[in-house]
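The structure under discussion appears below in the form of structure tokens.
Chains as they are written, first to last, in the working numbering: chain A, 3 to 371; chain B, 192 to 392.
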């Protein structure tokens, strides 16, 4: 959808005109009270559920939406009941206006000139999409990780437009360690000789080496030590044994990380990676309240469900509990599930019966119109 | 944590306890099980509040009932709750599972204006009789064998009274429950369940 009106950004800059890619699932009911907005995390898109068909009407391989375990007919967020909206954020690389597209002011590809966008900016843009769809109030806004931050930001920016917020594996801000991981990833990209200060499109190259390393680091932090050991342990790729090589792949974990890095570098935009990790770094609703999250969340009137996973060390349960505490301090309705899953941060995308059960129950008992 | 009853109609014991909670009170239910009591208090007595529960299935049952529930381990304390933030803190059949039972009692008094504590009364005469006969009791309220019981604390009404005094808690009310009836005459011997209503002295 095209938005001709400029969007003022938190930085003071603005985006003159922009497009947002979105998908919807299910039917908006007559009084428009069953809309659920899904916010995506770092590398996801508006394609949250379902599959794509090819020209012959066959299901395209690996075209499932990124939260297809959670959203769809008869799933925990039941699209037979709810009108679900997936939207690709500004600055991303899956169809919404981002650094790969042409800057209408210069006629050139944005590249590094794409303005820095924040979680709040994304929420402002999402609100305009809802306006355009004629939806005043969301039955729920929902997201995991960075998507959870957007859900939280919704309850602060548009408290009267959100009945429920479902915040999964998220945090009220990033810790120093978390920012550090983002910075390593960014340095990997920026120091790639093919990066060209972010204007690599002009040179007809892509900083794939940097993107690969960024993704490898990310992947390590999304898994738990236990799961990595269980999946790969010290398995060697070559059954004949070690090769006494410092540069060849020896261990299966190396092979896995390289594969993930290669795959990611094929489809993800380097400038988008920088922009989105920065949005993560900057998010801190308590910042303007002297670090007092309880005061920050006093504006939120939505009812909350928070979910965290015990082995998630990137967005640890303690961070979700901070949000719970701040909501309790404001006497808000909140439920909190701490799922004892082994998969680390990735657990929020996986199918765990307890996790799915809690979300399903919440939507049925509380969110359902 | 166990609950007094899993049937949809709250048991007479649970209703007796519910009557101790003032109408409209803000309630924190520690070890709230499937949220049965909390749901009853919200619906019938206009209360509001939260349950705390550790068990996954119970947490989901609470959410399914529409009751606010927080999946937290009571052994880690009540740090997410501010001082005096609740009118009533309930500990119904929770105390006997807690390693830090005394700390939790103090926390209950810190967080709530009133604490209501219920637990199996080991002083009930059939229990005494069983021990006199040389065996640990197995009853409706204490249905486990000594080697597989989840109840790591067993105590009597008098024991709890002493613990309350030690922690400078004032006992506002105390009675026993037996087959859904309140026992006020010699409850320590005549009731299988003990109920206390306490506040900071």
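Glycine included, every Cβ here is placed at the ideal spot set by N, Cα and C.
If you're wondering where the values come from, they're calculated on a predicted model, not measured in any experiment.
Item, Value
"Boundaries (first-last residue) of the beta strand (DSSP E) holding residue 281 of chain B", "277 to 283"
"contact_flag[the segment 227 to 238 of chain B, the segment 309 to 323 of chain B] where n(CB pairs < 8 Å) is 3 or more", "no"
"Contacts that residue 331 of chain A makes with chain B (C-beta to C-beta distance below 7 Å)", "273"
"As assigned by DSSP and simplified to three states, the class of residue 205 of chain A", "helix"
"CB of residue 115 of chain A within 9 Å of CB of residue 92 of chain A, strictly", "no"
"Test: residue 339 of chain A CB closer than 9 Å to a CB of chain B", "yes"
"The segment 97 to 116 of chain A contacting the segment 262 to 274 of chain A, beta-carbon criterion three pairs below 8 Å", "yes"
"Residue 131 of chain A beta carbon less than 9 Å from that of residue 164 of chain A", "no"
"Residue from A:365, A:22, A:316 whose Cα sits closest to the Cα of residue 48 of chain A", "A:22"
"Contacts around residue 211 of chain B, its chain only, beta-carbon distance under 6 Å, and the 5 residues preceding and following it disregarded", "307, 388"
"Under 8 Å from the C-beta of residue 255 of chain B: neighbouring residues of chain A", "363, 366, 367"
"Positions along the segment 100 to 111 of chain A whose CB lies within less than 9 Å of some CB in chain B", "none"
"Residue 113 of chain A (DSSP reduced to helix, strand or coil)", "helix"
"CB of residue 192 of chain A within 9 Å of CB of residue 276 of chain A, strictly", "yes"
"Proximal chain A residues relative to residue 250 of chain B, where beta-carbon distance stays under 7 Å", "339, 360"
"Chain-ordered residues of the segment 315 to 330 of chain A with a beta carbon less than 8 Å from chain B", "323, 326, 327, 330"
"For residue 197 of chain A, three-class secondary structure by DSSP", "coil"
"Assumed close pair residue 302 of chain B, residue 274 of chain B - CB separation to whole angstroms, cut-off 8 Å", "7 Å"
"Bridge partners - residue 369 of chain B, DSSP secondary structure assignment", "B:372"
"Members of the segment 232 to 249 of chain B that neighbour chain A once the beta carbon cut-off is set at 7 Å", "247"
"Contact between the segment 146 to 154 of chain A and the segment 43 to 63 of chain A (3+ Cβ pairs under 8 Å)", "yes"
"Cβ contact check for the segment 329 to 346 of chain A and the segment 197 to 215 of chain A: 3 or more pairs under 8 Å", "no"
"Distance, residue 249 of chain B Cα to residue 197 of chain B Cα", "Unreliable positioning characterises residue 197 of chain B in this predicted model, as indicated by a pLDDT of 45, which lies under 50. The coordinate reading is nonetheless provided below. Cα to Cα, residue 197 of chain B sits roughly 11 Å from residue 249 of chain B."
"Distance CB(residue 344 of chain B)-CB(residue 367 of chain B) smaller than 9 Å", "no"
"Cβ contact check for the segment 49 to 64 of chain A and the segment 331 to 343 of chain A: 3 or more pairs under 8 Å", "no"
"Own chain residues within Cβ distance below 8 Å of residue 375 of chain A, not counting five before or after", "Residue numbering for chain A in the displayed model covers 3 to 371; residue 375 of chain A lies beyond these limits and cannot be assessed."
"Delimiting residues of the alpha helix (DSSP H) encompassing residue 220 of chain B", "Premise fails: residue 220 of chain B lies in the beta strand (DSSP E), 217 to 221, not in any alpha helix (DSSP H)."
"CB of residue 383 of chain B within 9 Å of CB of residue 322 of chain B, strictly", "no"
"Chain B residues whose Cβ lies nearer than 8 Å to that of residue 336 of chain A", "241, 259, 261"
"DSSP three-state assignment for residue 275 of chain A, whether helix, strand or coil", "helix"
"Contacts that residue 217 of chain A makes with chain B (C-beta to C-beta distance below 9 Å)", "Here the premise fails: no neighbours, minimum Cβ distance about 32 Å."
"Minimum C-alpha distance to residue 364 of chain B - residue among B:324, B:202, B:207", "B:207"
"Under the three-state DSSP convention, the category residue 312 of chain B falls into", "strand"
"Proximal residues of chain B, C-beta to C-beta of residue 356 of chain A below 9 Å", "247, 248, 250, 251"
"Chain A contact for residue 270 of chain B (CB, 9 Å cutoff)", "yes"
"Those runs of the alpha helix (DSSP H) which lie wholly inside the segment 113 to 191 of chain A and span at least 4 residues", "121 to 135, 148 to 159"
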